[in-house]
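For reference, the structure discussed in these notes is given below.
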Amino acid sequence: MTEILGFLATQANPLLVNLYPFYAYASDPKNIRLDYAQFSATDIVVQDGSFGYSNLLDAMIDSFYWAMENVGCVDVEVVVSESGWPSDGNGDLTTISLAATYNQNFVRRIASKRGTPKRPNSFTEGFVFAMLNDRKPAGVEQHFVLFYSDMTPVYPVLPLFH
């Protein structure tokens, strides 16, 4: 990975990472607060030294910055190439309401053009995963989508989709 980071640094390219707070929450809902995973917390949930985190995504992004710095790479930005919350496929953890809340808050977070606690002056770019729902049989996969195959929204993400 160090060689890849070196290459990205020489090309002035970012590291693209797929980050899904949903999977962290789904694997440990007793110890990870839902509001922390969904950008809904109104307070600092995790304090890591001088850095306070009110959402899990920022903590995940900063973990990449810490790891890169540990191998001497300080000038590569992190871009969230995929993120989302499924609207179906894992019981009460995957509802349309939870997916809408996460994705709406994710879009707001990215649109805010702010950094993370570790890199407050660095704009974080990010992208929502999966536009169309191909509806695999139940139990095959979770549904990380914004639109059904007929192009009707599963839930609104932006005012444009209302």
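The sequence shown begins at 1366 in the working numbering and counts up by one. Every residue gets a Cβ at the ideal spot worked out from N, C-alpha and C, and that includes glycine.
Residue pairing from DSSP places Y1418 in a beta bridge opposite V1411. Within the segment 1451-1489, complete alpha helix (DSSP H) segments of at least 4 residues are found at 1461-1476, given in chain order. The criterion of a C-beta distance shorter than 7 Å is not satisfied by D1400 and A1391. According to the DSSP secondary-structure assignment, P1518 is paired through a beta bridge with F1512. Note that the C-beta distance between S1448 and L1384 is below 7 Å. Taking each of P1482, I1426 and P1521 in turn and checking the Cα distance to Y1418, the smallest one comes out for P1482. Excluding the 5 residues flanking it on each side, A1374 has same chain C-beta neighbours closer than 7 Å at C1438, D1440 and V1441, in chain order. DSSP lists L1381 as the bridge partner or partners of V1444. Our two residues, F1372 and D1457, have alpha carbons roughly 43 Å apart in a direct line. Residue range G1491 to V1493 is occupied by the beta strand (DSSP E) that includes F1492.
Annotation for P1451: F1387, T1459, A1464, Q1507, H1508 and F1509 place their beta carbon closer than 7 Å to its own, counting only its chain and skipping 5 residues before and after. Ranked by Cα distance from F1492, the first of F1512, D1423 and F1471 is F1471.
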